[in-house]
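For reference, each letter of the sequence shown is one residue, going 54 to 137 in my numbering. What follows is a set of notes on a single structure, which appears directly below.
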Amino acid sequence: MENPRARKIKFLKKHKLPLEIMILIMNKALEEKKYETALEIAYKTAPYCHPKLNDAKVEMTQIKTLEDMSEEELKNFIGKVALK
54 MENPRARKIK FLKKHKLPLE IMILIMNKAL EEKKYETALE IAYKTAPYCH
104 PKLNDAKVEM TQIKTLEDMS EEELKNFIGK VALK
């Protein structure tokens, strides 16, 4: 009996995935100068082809000397140091 992975590979070789079909139609629309159709398909397929860059979380901390810190910043700093 064929294992599930081999069966899946055989299926994928025989059939096109929905994203592949959309890209083929987009390219055909471009060749036919149907730019609105191509743009609409490009807009719909882009999230599946390109990662979202705005999902990255960046946290920045400005380094200050102890003398430059406010009382609240000092308390926060001392709390973080005490936890370590």
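For each residue, glycine too, the CB sits at the ideal point set by N, CA and C.
Exercise for the section: Taking Asn80 as part of the alpha helix (DSSP H), name the residues at either end of that continuous run. Expected result: Pro71 to Glu84
Problem - Pro104 in three-state terms, based on DSSP - result: coil
Exercise for the section: Could you tell me which of Ile78, Lys66, Thr118 and Glu125 sits nearest to Lys97, measuring between CA atoms? Expected result: Ile78
Handout entry: Reduced DSSP secondary structure (H/G/I, E/B, other) of Ile131
Key = helix
Practice task
Can you have a look at Ile131 and say buried or exposed, based on whether 16 or more other CB atoms are within 10 angstroms of its CB?
Solution key: exposed
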